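Contents: one structure, followed by commentary.
Protein chains: 2
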Amino acid sequence: MTARIITIGDEILIGQTLDTNSSWMAKNLNELGVEIVEHQSISDDKPQILEALQRGNLADVVLVTGGLGPTRDDITKLALIDFFQTTLEFDQETYDRIVAAFTKRDIPLTPLHKEQCFLPAAAELLPNKKGTAPGMWLEKDGTAYVFMPGVPYEMKYLMEAEVLPKIRKTHQQEIVAHRTIQTIGSGETSIARRITDFEDNLPTHMSLAYLPSLGTVRLRISSKGEHPTALNEELDAKATELVSLIPDLVFATGDETIEAIIGKLLLEKGLKLGTAESCTGGGIAQKMTSISGSSGYFEGSVVAYSNRIKNELLQVKQTTLDQHGAVSEQTVQEMVAGAIQHLGVDVAVAVSGIAGPTGGTPDKPVGTIWAAVGTKDKIITKKFRFGRDRTKNIHLTINYTLNVLRKFLLAG
Amino acid sequence: MTARIITIGDEILIGQTLDTNSSWMAKNLNELGVEIVEHQSISDDKPQILEALQRGNLADVVLVTGGLGPTRDDITKLALIDFFQTTLEFDQETYDRIVAAFTKRDIPLTPLHKEQCFLPAAAELLPNKKGTAPGMWLEKDGTAYVFMPGVPYEMKYLMEAEVLPKIRKTHQQEIVAHRTIQTIGSGETSIARRITDFEDNLPTHMSLAYLPSLGTVRLRISSKGEHPTALNEELDAKATELVSLIPDLVFATGDETIEAIIGKLLLEKGLKLGTAESCTGGGIAQKMTSISGSSGYFEGSVVAYSNRIKNELLQVKQTTLDQHGAVSEQTVQEMVAGAIQHLGVDVAVAVSGIAGPTGGTPDKPVGTIWAAVGTKDKIITKKFRFGRDRTKNIHLTINYTLNVLRKFLLAG
Chain C
1 MTARIITIGD EILIGQTLDT NSSWMAKNLN ELGVEIVEHQ SISDDKPQIL
51 EALQRGNLAD VVLVTGGLGP TRDDITKLAL IDFFQTTLEF DQETYDRIVA
101 AFTKRDIPLT PLHKEQCFLP AAAELLPNKK GTAPGMWLEK DGTAYVFMPG
151 VPYEMKYLME AEVLPKIRKT HQQEIVAHRT IQTIGSGETS IARRITDFED
201 NLPTHMSLAY LPSLGTVRLR ISSKGEHPTA LNEELDAKAT ELVSLIPDLV
251 FATGDETIEA IIGKLLLEKG LKLGTAESCT GGGIAQKMTS ISGSSGYFEG
301 SVVAYSNRIK NELLQVKQTT LDQHGAVSEQ TVQEMVAGAI QHLGVDVAVA
351 VSGIAGPTGG TPDKPVGTIW AAVGTKDKII TKKFRFGRDR TKNIHLTINY
401 TLNVLRKFLL AG
Chain B
1 MTARIITIGD EILIGQTLDT NSSWMAKNLN ELGVEIVEHQ SISDDKPQIL
51 EALQRGNLAD VVLVTGGLGP TRDDITKLAL IDFFQTTLEF DQETYDRIVA
101 AFTKRDIPLT PLHKEQCFLP AAAELLPNKK GTAPGMWLEK DGTAYVFMPG
151 VPYEMKYLME AEVLPKIRKT HQQEIVAHRT IQTIGSGETS IARRITDFED
201 NLPTHMSLAY LPSLGTVRLR ISSKGEHPTA LNEELDAKAT ELVSLIPDLV
251 FATGDETIEA IIGKLLLEKG LKLGTAESCT GGGIAQKMTS ISGSSGYFEG
301 SVVAYSNRIK NELLQVKQTT LDQHGAVSEQ TVQEMVAGAI QHLGVDVAVA
351 VSGIAGPTGG TPDKPVGTIW AAVGTKDKII TKKFRFGRDR TKNIHLTINY
401 TLNVLRKFLL AG
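What follows is the structure, given as structure tokens:
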């Protein structure tokens, strides 16, 4: 089974909005074993829409987002009527649903909302509980075309409640499976060098992809086959082999995030965590608390952006700041000690660095970061040397420091 | 002048990586007045690559990313040789550059790197200072094809240093201009209702787009024309008119972020800011410190995830927590007062809420958030009622609370 994804709308085309919808849809289709052959992003323009729908003919399913919604013009609908040779009809059910939702929230209805309820007669309507425009399912020459609004949470609702179950039901599943291995601390090329033999000896029905991000590289092994048990066993064996080649770099097998892994380690050990952050400005705390249930192991932080706060709230000695500077091994060590004492936690993390682009000196250039992790008995430190980009330096610091914390917890 | 954007690689196609490259390239082309007619994302597959290049024929410029790099197979290169009827040649200059860079960083060279230096003879090579694979510029039947690696910072470097200047030089610029007005606090439909007449009366060479995000809607007015002065004057007038229709919702004209606007207000007034955060876990502090120069007005934070820390570090009274709960108007008021005192700042922001998905009660359901902003003389509070999604609740809280702070600073 093959699928194409089409997004309609100038905001994606001209780069004002990032296309997160296509990625989300692709991921969910891929998990069902559907092969995605193309993403296409086009303008709200009738000939372009018609051409894209025509090209869609070669796939089994075509998912289209955008071009629907109260403030859009109805170019998509007109293209659709042409393509499927149908007409517009008023749909009372959709109208009633909108009226009910708006009355409840005490928002006045506009004529735009009524206009929206004129829908292609040939379409099976997919009720949209998160917005006003329903999804539409139409078929032509053996291809199913699904139209959804471009607002991400409306699209996701329609996909999860309506579209994916329908695809799952009709689709005789060809089996595709993946294993993801997440690494931190080494680049794509150095990893490739260490696993050349492994890669060269992969059977032809398997493939390996490198997915680099900020400081991390995900390695994805994919395989296709007909027998689920054999396929999964073979994949597991290959994943284990791959991990054994680069054990120092791997922090996760699977899609689990580093903050989730750390959360589990803290829970297991019954330890409470706090952070003392300078250059990351609270970013480590935010990442740790992005997880539901983090209140079970995360207590709080002191974001000490100024030296005064490092001194007053974390008891970093004024002499330390004067002699070694805020970006120094001594300062982050004292920040950890201060955080443990003041936040009343078992384990603390501290960072201080020059995120840039200004503030560098000859012996401490932009990108110089000191991190420390410790308990009241033991503190370890680590110095990073990143580049000149502020946003990148902040996110690399967050990721690398969390990895230092992960290793500290595993060792302790 | 028209452009198409093509990305090659399974990671985007199957949704494992978000396609940020296309968006970035589109935005930069659009600013030069280049019309982007399509984005296309395809697999590392020779027939697909050939078809995409063939379709590219209709545009003046085709930008291709992905399919190059040390760990990729050379399918793209093979397709390219076919399409442009050329051969591969070893490029000594590229090889020397790689050797020099690797020697400096003390990284061993691999045979893969040498292989990478075999490049299409017909290509003009664009030196890549951020990676090993050079960009390539080829022409066929009046269309320019540009090939770049998919790693975002390599692509961005090549675009800024090589590709955009070349396009700027050859392209007789048709003028396209935009004005962006950023709003917060109201949905797309309610805004549309308030500006119906404005929208209906826009001249045909102008258009209005709604770009909703988390709690914010950007309104973009676009216009095309031949005379820059007349076009810009008309756009400015329209933008002013639009702002006057919804002054309560507008927080910025232009692309400036809310954290940058707040930073300027704080600098102007000579005020120092601190935050006391519970459910946002440091997210407000991180957003404020994402800006270079924020140390001029941002001092630090207490992330008080646990009640104990709210009490010990922010002096929220135990009786307040017992009687009103951590998510209450009284608690956030005391958090502001505690932050002002303990962080030694002039203005503080505090939030406490139930981000979810668990932790709700009948009178305080998931999505209930209290925020407060104040000085030692005056504290204002605000209650938000968001939905059930944790990530969304956290980001809405950050954005809406920053807007409360912005209004407080403007009023004071």
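Taken in sequence, the protein lines are chains C and B. Read in order, the letters of the first sequence are residues 1 to 412 in this note's numbering. Read in order, the letters of the second sequence are residues 1 to 412 in this note's numbering. Ideal Cβ positions, reconstructed from N, Cα and C, are used throughout, including at glycine. Because the structure is a prediction, the values reported are computed rather than measured.
Enumerate in chain order the residues of its own chain whose CB-to-CB distance from residue i is below 8 Å, with the five nearest sequence positions on each side excluded.
i      : result
V176/C : N30, G33, E35, S222, S223, K224
D141/B : N57
E139/B : Y145
Under the DSSP definition of a beta bridge, which residues are partnered with residue i?
i      : result
H39/C  : I5/C, S41/B
Y210/B : L219/B
V176/B : K224/B
E188/B : None; E188/B has no bridge partner.
Q182/C : R218/C, A252/C
R385/C : T368/C
T65/C  : T7/C, M148/C
G274/C : G300/C, A348/C
F90/C  : F118/C
G374/B : A348/B, I379/B
G353/C : I369/C
With a 10 Å radius around its C-beta and 16 neighbouring C-beta atoms as the bar for buried, classify residue i as buried or exposed.
i      : result
K383/C : exposed
E93/B  : exposed
S213/C : exposed
H227/C : exposed
E162/C : buried
N403/B : buried
E334/C : buried
Q341/C : exposed
H39/C  : buried
E259/B : buried
H205/B : exposed
P111/C : exposed
A179/B : Before going further, note that residue 179/B is Arg rather than Ala in the sequence given. Buried, since its Cβ has 16 or more Cβ neighbours within 10 Å.
E160/B : exposed
T7/C   : buried
A326/C : buried
N128/C : buried
L410/B : exposed
E188/B : buried
P134/B : buried
Anything in chain D within Cβ reach of residue i, meaning under 7 Å, just list it in chain order.
i      : result
P357/B : No chain D appears in the structure shown, which is made up of the protein chains C and B.
Report the CB separation of residue i from residue j in whole angstroms; it is logged as a contact under 8 Å.
i      : j      : result
M136/C : P120/C : 6 Å
K310/B : I398/B : Their Cβ separation, rounded to whole angstroms, is 19 Å, which puts K310/B and I398/B out of contact at 8 Å.
R385/C : G356/C : In fact, because the Cβ distance is near 12 Å, the residues do not count as touching under 8 Å.
I42/B  : A26/B  : Actually they do not touch by this definition, with Cβ atoms about 17 Å apart.
I5/B   : L80/B  : Between L80/B and I5/B the Cβ distance is about 17 Å, and since that is not below 8 Å, they are no contact.
T253/B : I191/B : Not quite, the Cβ-Cβ distance comes to about 15 Å (not below 8 Å), so this is no contact.
L396/C : V349/C : 15 Å between Cβ atoms; not a contact.
V345/B : L273/B : 6 Å
A78/C  : K46/C  : Per the sequence presented here, residue 78/C reads as Leu, with Ala not at that position. Between K46/C and L78/C the Cβ distance is about 6 Å, and since that is below 8 Å, they are a contact.
V332/C : A371/C : 6 Å
In chain order, what residues of the same chain have a beta carbon less than 7 Å from the beta carbon of residue i, not counting five sequence neighbours either side?
i      : result
G338/C : A276, L314, Q315, V316
G9/B   : D44, G66, G67, G150
G281/C : V303, Y305
T20/C  : P152
T86/B  : P120, A121, A122
T289/C : F298
I394/C : C279, T280, G283, A355
L235/B : A177, R179, I221, S223
T17/C  : E11
L158/B : L126, N128, G135, M148
Among the residues of its own chain, which have a CB less than 6 Å from the CB of residue i, if the five just before and after it don't count?
i      : result
L249/C : T183, G185, S186
G374/B : V336
A209/C : R220
* Minimum length 4: unbroken alpha helix (DSSP H) runs contained in the region 92-153 of chain C -> 92-104, 111-115, all fully within the region 92-153 of chain C.
* To do: Enumerate, from N- to C-terminal direction, the unbroken alpha helix (DSSP H) stretches of 4 or more residues contained entirely within the region 316-346 of chain B.
  => As far as the region 316-346 of chain B is concerned, its whole alpha helix (DSSP H) runs of at least 4 residues are 318-324, 329-343.
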